[in-house]
Structure formats: structure tokens, C-alpha cells
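Quick notes on the structure that follows.
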Amino acid sequence: MLQDVMKEPSEMIYIGTTLHQALETFAASVSAHCGYSITAAHFAQYLIDHYGEIAKDTIIATLKN
């Protein structure tokens, strides 16, 4: 089931302590509510997979103005 929703993270990037803690908090909340062990990396990957294009388009539109 988890594999159907989230891909395994593949590469590492540095995002800093504050952002990592936020991802950990979100992942822990998801884990607590669904019964699956979700990592910060899983949560970040999900955000990129599902909202990356929207974020890209929003940033481009904002910076063009």
C-alpha cells in the first residue's frame, strides 16, 4: 500500500535543520494517523512528486512580475 502512494527517496540534499525538523514533524504526524512508518525523506518526496510542478509554476509567475 505504501509503495503505491510513495516512491523510495533516492538522492540526498542538504535542507538545513529547521526544514528537516518540519519534515520530521509532518512525517511523524502522518505515521501516527495512518499506521505506516513515514520518514522525512518520504514526506519530502511526496511533496515534490505531487506539488512540484505547482510550486515551480508559482515561483516562475511570482519572479516574472
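Per UniProt numbering, residue 1 is the first one in the sequence shown, and the count goes up by one each step. Yeah, the Cβ is synthetic: ideal placement off N, Cα and C, and Gly gets one too.
When L23, S29, H50 are compared, the shortest CA-CA separation from A40 is found for L23. For G52, the enclosing alpha helix (DSSP H) begins and ends at 40-64. When only Cα atoms are considered, T62 and H50 end up about 20 Å apart. Of the residues assessed, H33 falls on the exposed side of the cut-off, its CB having fewer than 16 other CB atoms within 10 angstroms. Separation of D57 and K64 (C-alpha to C-alpha, rounded to the nearest whole angstrom) is 11 Å.
Closest in C-alpha terms to E11, from the list A44, G52, E53, comes A44.
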